[in-house]
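Participant: Residue numbers (the numbering used here), protein chains in the order written: chain A, 2 to 224; chain B, 17 to 432.
No residue lacks a Cβ here, since even glycine has one placed at the ideal position from N, Cα and C.
Predicted model, so just to flag it, every value in this text is computed and none were measured.
#1: Mind listing, in chain order, the continuous beta strand (DSSP E) runs of no fewer than 3 residues lying wholly within the segment 253-337 of chain B?
#2: Who are the neighbours of residue 100 of chain A on chain B, taking C-beta pairs under 7 Å?
#3: I'd like the list of long-range same chain contacts for residue 32 of chain A, defined as Cβ closer than 8 Å, with 5 residues on each side in sequence excluded.
#4: Out of B/401, B/355 and B/326, state which residue places its alpha-carbon closest to the alpha-carbon of residue 82 of chain A.
#5: Comparing C-alpha positions only, which one of B/124, B/194, B/317 and B/132 sits nearest to residue 427 of chain B?
#6: Could you name the residues of the segment 42-64 of chain A whose beta carbon sits closer than 7 Å to any beta carbon of chain B, in the order they occur along the chain?
#7: Report buried or exposed for residue 394 of chain B, applying the criterion of at least 16 other Cβ atoms within 10 angstroms of its Cβ.
#8: On the DSSP letters alone, give me the boundaries of the beta strand (DSSP E) that residue 169 of chain A sits inside.
#9: So residue 115 of chain B is in the beta strand (DSSP E); what residue range does that whole segment cover?
#10: Any beta carbon from chain A within less than 8 Å of residue 429 of chain B's own beta carbon?
#11: Just to confirm, are residue 164 of chain B and residue 204 of chain B a CB contact at a threshold of 8 Å?
#12: Please specify which runs of the beta strand (DSSP E), each continuous and at least 3 residues long, are wholly inside the segment 174-262 of chain B, giving them in chain order.
#13: For the segment 138-169 of chain B, list the beta strand (DSSP E) runs that are entirely contained and at least 3 residues long, ordered along the chain.
#14: Taking all protein chains shown into account, decide if residue 407 of chain B is buried (16 or more other Cβ within 10 angstroms of its Cβ) or exposed.
#15: Spatial neighbours of residue 224 of chain B within its chain, please: CB distance less than 7 Å, with the 5 preceding and 5 following residues excluded, ordered by chain position.
#16: Using a Cβ-Cβ distance under 8 Å, would residue 33 of chain A count as near chain B?
#17: Within the 8 Å Cβ cut-off, does residue 301 of chain B reach chain A?
#18: Could you name the residues of chain B that residue 190 of chain A contacts, counting a contact when the two beta carbons are closer than 9 Å?
#19: I want to see whether chain B comes within less than 8 Å of residue 162 of chain A, judged by CB atoms only; does it?
#20: Once the 5 residues before and after residue 432 of chain B are set aside, which same chain residues still bring their CB inside 7 Å of it?
#21: Please confirm whether residue 205 of chain A has its beta-carbon closer than 8 Å to some beta-carbon of chain B.
#22: Provide the residue(s) that pair with residue 218 of chain A in DSSP beta bridges, ordered along the chain.
#23: Would you identify the three-state DSSP class for residue 135 of chain B, choosing helix, strand or coil?
#24: Along chain A, which residues have their Cβ under 7 Å away from the Cβ of residue 426 of chain B?
#25: Tell me the rounded alpha-carbon separation between residue 422 of chain B and residue 310 of chain B.
#26: Regarding residue 35 of chain A and the ligand FMN, is the C-beta to nearest heavy atom distance less than 7 Å?
#27: So which residues on chain B does residue 122 of chain A lean against when the C-beta distance must stay under 8 Å?
#28: Tell me residue 30 of chain A's beta-bridge partners as DSSP assigns them.
#29: Determine whether the beta carbon atoms of residue 182 of chain B and residue 87 of chain B lie at a separation below 8 Å.
#30: For chain B, find out if any of its Cβ atoms is closer than 8 Å to the Cβ of residue 181 of chain A; answer yes or no.
#31: Residue 349 of chain B to residue 303 of chain B, Cα distance in whole Å?
#32: How big is the Cα-Cα spacing for residue 181 of chain A and residue 105 of chain A?
#33: Can you tell me whether DSSP reads residue 48 of chain B as helix, strand or coil?
#34: Taking DSSP as the reference, what is the three-state secondary structure of residue 17 of chain B?
#35: Between the beta-carbon of residue 44 of chain A and the beta-carbon of residue 14 of chain A, is there less than 8 Å?
#36: If you reduce the DSSP assignment to three classes, tell me which class residue 428 of chain B lands in.
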């Protein structure tokens with residue numbers, strides 16, 4: 002059923018909340034190194050599907066495999082550990098910790114790991130440097146612009162060398178120019194580093210920059 | 017747990033952290049000061065007895081002769097027989113005993129309150145040697161007297177004079193000012209115990225109502241193991257009868273009438289209330305803080321923090337707040353203890369313990385031992401309070417952490 006090069010596979014995934022079915026029997030596969038966009042109108046179930054595929058949420062029915070491992074039956078803590086080692090997240094509203102500086106936010110996934118403070122800082126600094134934020138290391142999120150915040154969030158998503166990055170409306174809270182800059186970074190990550198990316202967006206124009214576009218409507222996959 | 021993150025969180029949310037620490041610290045301070053006050057009242061209540069080197073005084077009430085002539089016993093202190101003394105000595109828990117004979121002596125021209133003392137027994141009124149203002153203290157085996165300075169002034173008695181007491185003549189070898197000493201068994205004249213016993217034994221008037229042999233006494237001072245004072249007192253009553261007057265720190269505490277002195281249960285109840293208020297304040301502020309951070313905790317879990325990682329992080333934050341609250345609480349309590357240390361407390365001395373004939377000047381006046389309230393915070397109490405504060409912080413953090421770490425990241429991270 003699954004191709005060996007598929008890094009992410011969903012089989013007949015369904016999610017219901019009481020009587021309401023949000024995701025209805027969705028199956029999909031993402032190959033390693035692929036950049037896939039998931040497009041659909043607000044409320045069509047794409048964020049819920051992304052949550053299931055990334056191990057943030059359990060499906061009501063169906064199976065999800067990430068890097069060959071079935072994640073649908075795993076416990077919360079097993080999933081957390083799995084995400085720590087394999088997954089990076091980029092959220093629409095950045096979700097930076099307001100009390101931590103830029104580099105500390107980037108290093109957040111490393112905090113529970115036995116590692117020296119210097120090593121955490123070195124790795125975070127390196128990524129922020131790649132995001133052209135070397136001058137913002139000690140700044141709190143409140144002192145950063147929207148684009149800077151999202152670049153910090155991207156650096157955080159990459160700190161654990163993930164096998165796949167899930168991006169949920171990464172430009173949703175940004176103006177067009179800044180959004181374009183963020184998309185450029187994601188494309189660069191994909192092309193230069195071969196990063197697998199699954200991006201959720203409701204903007205068809207942004208989705209076109211991906212290798213493949215998947216369409217969702219009313220909880221079902223159209224293509 | 018990441019300490020950098022802990023301190024950043026606590027310092028960033030300054031107002032909330034301060035309220036949380038302050039709330040808990042006030043509860044801790046109240047807890048400490050209430051207990052320190054209770055200890056202070058206990059210590060104050062112990063002072064009158066401590067000053068005579070005893071934990072318990074023993075008297076037996078009885079009758080006074082119809083005619084007050086010569087040597088008589090006050091109605092609050094009649095004969096305690098030699099055999100009874102031996103029985104009392106054998107009570108487990110007694111570590112030392114002092115004896116005395118208190119007499120009212122009505123001579124034709126003068127009335128004396130006379131106390132016969134064991135000069136060198138540290139348990140009992142030998143403490144008087146510290147209050148000599150003129151002359152010297154009594155020497156063993158010599159029939160001589162000390163006169164209370166105010167009494168000596170009133171009646172023109174001087175050092176080197178001879179005073180006639182119940183038909184016996186004694187040289188005055190010293191004057192003492194006992195106004196600052198314990199107010200128990202205050203007398204005008206102090207002489208060796210053997211002399212007082214001889215006077216009492218020779219008094220027909222006294223013997224008619226309270227037979228008295230040569231080695232008998234009418235006042236006992238007892239030092240006992242601190243944790244056995246109550247049982248020793250009860251055993252003494254068993255020997256001397258229920259009417260015996262047994263003074264203990266506990267009985268003085270009751271005389272104080274203070275709420276703190278009345279009952280350890282009050283202190284316990286007040287402490288518990290203070291702690292409950294502190295816990296509620298701490299819990300409410302910490303709960304508010306944690307609830308506000310649901311999204312943040314969702315992020316932590318999304319990027320790989322386990323349930324335990326999150327709980328430990330919140331636990332560390334609350335334990336540090338609890339520790340800080342404990343230290344601040346102790347500082348507040350120390351300041352309060354310093355201020356309360358200026359308070360004086362008047363410990364009433366029952367008339368029975370220092371009987372003065374009512375018809376003599378000042379005879380009916382109430383007696384008090386006045387001292388500064390000895391408020392201090394023992395190390396053990398401070399350490400317990402600090403530990404308690406940390407435990408409260410820890411439990412609060414663990415409870416909230418356990419609760420909040422169960423949230424699912426997908427529920428709190430959905431974009432607006």
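Facilitator: Put simply:
#1: 261-263
#2: Translated into positions along the first chain, residue 100 of chain A becomes position 99. In chain order: 24, 25 and 28.
#3: Your numbering for residue 32 of chain A matches position 31 in the first chain. The answer, listed in chain order, is 4, 6, 7, 8 and 197.
#4: Position 81 of the first chain, counted from the start, is the residue given in the question as residue 82 of chain A. Here the closest residue by C-alpha is B/326.
#5: Walking along the second chain from the start, residue 427 of chain B turns up at place 411. With distances taken between Cα atoms, residue 427 of chain B lies closest to B/317.
#6: 48, 52, 57 and 58
#7: One-based indexing of the second chain puts residue 394 of chain B at position 378. Result: exposed.
#8: Position 168 of the first chain, counted from the start, is the residue given in the question as residue 169 of chain A. Residue 169 of chain A -> beta strand (DSSP E) spans 165-169.
#9: To locate residue 115 of chain B, count along the second chain from 1; it is residue 99. Element bounds for residue 115 of chain B: 110-122.
#10: In the second chain, residue 429 of chain B corresponds to position 413, counting from 1. Yes, its Cβ sits closer than 8 Å to a Cβ of chain A.
#11: Taking the first residue of the second chain as position 1, residue 164 of chain B is located at position 148. Taking the first residue of the second chain as position 1, residue 204 of chain B is located at position 188. Against a cut-off of 8 Å, the Cβ pair of residue 204 of chain B and residue 164 of chain B comes out as a contact.
#12: 178-181, 184-192, 205-208 and 235-240
#13: 148-151 and 161-164
#14: As a position in the second chain, residue 407 of chain B is number 391, starting the count at 1. Residue 407 of chain B is exposed by the Cβ-count criterion.
#15: Walking along the second chain from the start, residue 224 of chain B turns up at place 208. Excluding positions up to five away in sequence, the list reads 81.
#16: Position 32 of the first chain, counted from the start, is the residue given in the question as residue 33 of chain A. No, residue 33 of chain A does not count as interfacial toward chain B.
#17: Mapped onto the second chain, residue 301 of chain B falls at position 285. No - not a single Cβ of chain A is within 8 Å of the one on residue 301 of chain B.
#18: By one-based count along the first chain, residue 190 of chain A stands at place 189. Chain B residues near residue 190 of chain A: none, gap ~17 Å exceeds 9 Å.
#19: Against the first chain, residue 162 of chain A aligns to sequence position 161. Output row for residue 162 of chain A: interface = no.
#20: Along the second chain, one-based indexing puts residue 432 of chain B at 416. Here the model assigns residue 432 of chain B a pLDDT of 44, short of 50, so the residue's position is not dependable, and the following value carries that caveat. There are no such residues.
#21: To locate residue 205 of chain A, count along the first chain from 1; it is residue 204. No, its Cβ sits nowhere closer than 8 Å to a Cβ of chain B.
#22: As a working mapping, residue 218 of chain A is identified with position 217 in the first chain. DSSP lists A/221 as partners of residue 218 of chain A.
#23: Translated into the one-based positions of the second chain, residue 135 of chain B becomes position 119. Residue 135 of chain B falls in the coil class under three-state DSSP.
#24: As a working mapping, residue 426 of chain B is identified with position 410 in the second chain. Chain A residues near residue 426 of chain B: 52, 57 and 58.
#25: Sequence index remark: in the second chain, residue 422 of chain B carries index 406 (1-based). Sequence index remark: in the second chain, residue 310 of chain B carries index 294 (1-based). The alpha-carbon atoms of residue 422 of chain B and residue 310 of chain B are separated by roughly 10 Å.
#26: Among the components modelled here there is no ligand, and therefore nothing to report on the ligand FMN.
#27: Counting from 1 along the first chain, the entry for residue 122 of chain A is found at position 121. The premise fails here: residue 122 of chain A is roughly 10 Å from chain B at the closest Cβ pair, so nothing lies under 8 Å.
#28: For the purposes of this step, residue 30 of chain A is taken as residue 29 along the first chain, with counting starting at 1. BP columns for residue 30 of chain A point to A/10.
#29: By 1-based counting over the second chain, the position of residue 182 of chain B is 166. By 1-based counting over the second chain, the position of residue 87 of chain B is 71. Contact flag set, yes.
#30: Here residue 181 of chain A refers to the residue found at position 180 when the first chain is read from its first residue. No - not a single Cβ of chain B is within 8 Å of the one on residue 181 of chain A.
#31: Working through the second chain from its first residue, we reach residue 349 of chain B at position 333. Working through the second chain from its first residue, we reach residue 303 of chain B at position 287. Their Cα atoms are separated by approximately 26 Å.
#32: Within the first chain, residue 181 of chain A is the residue found at index 180, counting from 1. Within the first chain, residue 105 of chain A is the residue found at index 104, counting from 1. Rounded to whole angstroms, residue 181 of chain A to residue 105 of chain A spans 26 Å at the Cα level.
#33: Working through the second chain from its first residue, we reach residue 48 of chain B at position 32. Of the three classes helix, strand and coil, the one that applies to residue 48 of chain B here is helix, per DSSP.
#34: Mapped onto the second chain, residue 17 of chain B falls at position 1. Correct three-state label for residue 17 of chain B: coil.
#35: Counted from its first residue, the first chain places residue 44 of chain A at position 43. Counted from its first residue, the first chain places residue 14 of chain A at position 13. No, they are not a contact pair.
#36: Here the question's residue 428 of chain B lines up with position 412 in the second chain. Three-state result, residue 428 of chain B: helix.
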